[in-house]
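Structure first, commentary second.
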Amino acid sequence: MNLTAMPARRLFVARAGGATLSAATIGLLAGASGCATAQSSATAQGDVRILNVALGLEHEAIGAYQLGATSGLLQKPVLDIAVSFQSHHKAHRDALIATIEKLGGRPVAEKSLQEYAGALNAASLKSQADVLALAAKLELGATNAYLGVIPSFTDNKLGQVAARLAADETMHYTVLISALGQALPTRALSFGG
Amino acid sequence: MRGASVCATLLAGLATAASAQPAGDPVAGRAAYEARCGGCHSVDADRVGPRHAGLIGRRAGSVPGYDYSPALARSRLVWDARNLDRWLQNPEALIPGQQMGYRLEDAAVRADIVAFLGTLRASGR
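So the sequences go chain by chain: A and B. First residue of the first sequence? That's 485 in our numbering, and the numbers climb one at a time after it. First residue of the second sequence? That's 149 in our numbering, and the numbers climb one at a time after it.
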């Protein structure tokens, strides 16, 4: 699949779609955290620690897409795709912050764009394919990270939320590797485990 | 005769221990590391998680400048292949109160990743 040959609208939700996702996700997380507030303080703290790591991951993803979008390396409609995916991560971020605060936690702050650029070696990005490859790598890591934390939540509803977040990241990953011309995973159950 | 029996028992025990922690493939481990750990970690840079260069033999919670959980920072653990395997399987069981919720169930993949981590030397950063 070549993304540039396909109408962006067919492939991706527009920014308004991202806003809808945000509201829906926040609603889901609010419901989950409503259940979580019944947990003891100690177990809730464990869930908050996991959620804060996830929030750090979302902060970084937003920064990575910002670096890509402002690099001058992305052409339309790939640029629109990057902005759309970034809007998903912003919705994830907002939902995670709301949930962490509901559980009595303190959301971890984002780092500077310069720090993300250094940690992700953004200076090495020289082409659109480089940007897409970095994004695909991060999205795959995020998919597996969300799947891997599910057993650790004491509140099962938070595990369900992690699965939904993983589904978004998987969508991003499969689109990105398709845009790069890479093969889709040939084996079943290739994520998580 | 009794000595031979004890020896056989010991050998059997060692074989069981070895099979419980299979030798990993560092090449496969590199790919698994990118896929499973790459959302939060890099070899040479601190990201959501700390960098992994020089991990084996390093005291847990000791990368300068990285904001560890108090539980990990207080731990006296020194990373080796065995405790890394336990960490990846269930970090909270190894060090309660730490902040990594990620669990990797697949023992063979864990062994590959640990083998890859064992190839990483300190970057001097």
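Virtual Cβ for every residue (Gly too), placed ideally from N, Cα, C.
Check: Are any of the Cβ atoms in chain A nearer than 7 Å to that of residue 247 of chain B?
Finding: Chain A contact via Cβ: present.
Check: What whole-angstrom Cβ distance do residue 660 of chain A and residue 630 of chain A have, given they're in contact under 8 Å?
Finding: Not quite, the Cβ-Cβ distance comes to about 17 Å (not below 8 Å), so this is no contact.
Notebook entry, point to check: At least one CB of chain B closer than 7 Å to the CB of residue 525 of chain A: is that the case?
Noted result: With 7 Å as the cut-off, residue 525 of chain A does not count as an interface residue toward chain B.
Checklist line | Contacts of residue 252 of chain B in chain A (Cβ-Cβ under 7 Å) | finding: Here the neighbours are 632.
Note to self: Quick check on residue 211 of chain B: does DSSP put it in helix, strand or coil?
What the structure shows: When secondary structure is reduced to three states using DSSP, residue 211 of chain B falls in the coil class, being assigned neither helix nor strand.
Checklist line | Collapsed DSSP secondary structure at residue 226 of chain B in the structure displayed | finding: Assigned with DSSP and collapsed to three states, residue 226 of chain B falls in strand.
Checklist line | Closer than 7 Å at the beta carbon, the chain A residues around residue 194 of chain B | finding: What residue 194 of chain B touches in chain A: 603.
Next item on the list: Would you kindly work out how many angstroms separate the C-alpha atoms of residue 229 of chain B and residue 564 of chain A, rounded to a whole number?
Entry: Taken atom to atom, the span from the alpha-carbon of residue 229 of chain B to that of residue 564 of chain A is near 44 Å.
Check: Tell me which same chain residues have a C-beta within less than 7 Å of the C-beta of residue 669 of chain A, skipping the five on either side of it?
Finding: If we look at residue 669 of chain A and ignore the five residues flanking it on each side, it has no Cβ neighbours.
Notebook entry, point to check: Taking a cut of 7 Å between CB atoms, which residues from the segment 223 to 236 of chain B lie near chain A?
Noted result: Listed in sequence order: no entries.
Note to self: What would DSSP say about residue 622 of chain A, mapped onto helix, strand or coil?
What the structure shows: Correct three-state label for residue 622 of chain A: helix.
Margin query: Closest to residue 191 of chain B by C-alpha separation, out of A:605, A:545, A:549, would be which residue?
Written below: With distances taken between Cα atoms, residue 191 of chain B lies closest to A:605.
Next item on the list: Less than 8 Å between the CB atoms is what I'm expecting for residue 200 of chain B and residue 265 of chain B, so what's the real figure, rounded?
Entry: The beta-carbon distance between residue 200 of chain B and residue 265 of chain B, rounded to whole angstroms, is 6 Å. This is short enough to meet the 8 Å contact definition.
Notebook entry, point to check: Of the residues A:653, A:532, A:642, which one's Cα is nearest the Cα of residue 588 of chain A?
Noted result: Among A:653, A:532, A:642, the Cα nearest to that of residue 588 of chain A is on A:532.
Next item on the list: Compute the beta-carbon to beta-carbon distance between residue 577 of chain A and residue 599 of chain A, rounded to the nearest angstrom, for a pair I have assumed lies under 8 Å.
Entry: With 8 Å as the limit, residue 577 of chain A and residue 599 of chain A do not qualify as a contact, their Cβ atoms being about 16 Å apart.
Item checked: Closest Cα partner of residue 635 of chain A within the set B:237, B:198, B:268, B:263 -> That would be B:237, whose Cα lies nearest to the Cα of residue 635 of chain A.
Margin query: Tell me which residues of the segment 607 to 629 of chain A have at least one Cβ-Cβ distance to chain B shorter than 7 Å, keeping chain order.
Written below: The segment 607 to 629 of chain A vs chain B, Cβ under 7 Å: 621, 622, 624, 625, 626, 628, 629.
Checklist line | Where residue 251 of chain B falls, given that 16 or more other Cβ within 10 Å makes a residue buried | finding: The residue in question, residue 251 of chain B, is buried, as its Cβ has 16 or more Cβ neighbours within 10 Å.
Notebook entry, point to check: So, are the CB atoms of residue 601 of chain A and residue 673 of chain A less than 7 Å apart?
Noted result: Going by C-beta atoms, residue 601 of chain A is not nearer than 7 Å to residue 673 of chain A.
Next item on the list: Name the two residues that bound the continuous alpha helix (DSSP H) containing residue 655 of chain A.
Entry: Boundaries of the alpha helix (DSSP H) around residue 655 of chain A: 640 to 663.
Next item on the list: Please check if any C-beta of chain B sits within less than 7 Å of the C-beta of residue 541 of chain A.
Entry: True, the Cβ-Cβ gap to chain B drops below 7 Å.
Next item on the list: Please check if any C-beta of chain B sits within less than 7 Å of the C-beta of residue 659 of chain A.
Entry: No, residue 659 of chain A does not count as interfacial toward chain B.
Check: CA-CA distance, residue 243 of chain B and residue 197 of chain B?
Finding: The alpha-carbon atoms of residue 243 of chain B and residue 197 of chain B are separated by roughly 16 Å.
Checklist line | residue 640 of chain A classed as buried or exposed, judged by whether at least 16 other C-beta atoms fall within 10 angstroms | finding: The residue is exposed, with fewer than 16 neighbouring Cβ atoms inside 10 Å.
Notebook entry, point to check: Within 10 angstroms of its Cβ, does residue 544 of chain A collect 16 or more other Cβ (buried), or is it exposed?
Noted result: Residue 544 of chain A comes out buried.
Next item on the list: Check residue 558 of chain A in the structure and name its three-state DSSP category.
Entry: Coil.
Next item on the list: Please report how far the alpha carbon of residue 210 of chain B lies from the alpha carbon of residue 248 of chain B, in whole angstroms.
Entry: Those two C-alpha atoms are separated by around 16 Å.
Next item on the list: Assign residue 125 of chain B to one of two classes, buried (16 or more other C-beta atoms within 10 Å of its C-beta) or exposed (fewer than that).
Entry: The structure shown does not extend to residue 125 of chain B, since chain B is modelled only from 149 through 273, so no value can be given for it.
Check: Roughly how many angstroms lie between the CA atoms of residue 584 of chain A and residue 642 of chain A, to the nearest whole one?
Finding: Taking the straight line joining both Cα atoms gives about 11 Å.
Next item on the list: Report yes or no: is there a C-beta of chain A within less than 7 Å of the C-beta of residue 187 of chain B?
Entry: Closer than 7 Å to some Cβ of chain A, the Cβ of residue 187 of chain B qualifies, so yes.
Next item on the list: Would you mind giving the Cβ-Cβ distance between residue 219 of chain B and residue 245 of chain B, rounded to the nearest angstrom? I have them listed as a contact below 8 Å.
Entry: Residue 219 of chain B to residue 245 of chain B, Cβ: 3 Å. Contact.
Notebook entry, point to check: Interface residues of chain A around residue 281 of chain B at Cβ under 8 Å?
Noted result: Because chain B spans 149 through 273 in this model, residue 281 of chain B falls outside it and cannot be assessed.
Note to self: Suppose you measure from the CA of residue 596 of chain A to the CA of residue 226 of chain B; what does that come to, to the nearest Å?
What the structure shows: C-alpha separation (whole angstroms): 32 Å.
Next item on the list: Check each residue of the segment 530 to 557 of chain A: if its Cβ is closer than 8 Å to any Cβ of chain E, include it; give the result in chain order.
Entry: Of the protein chains in this structure, namely A and B, none is chain E.
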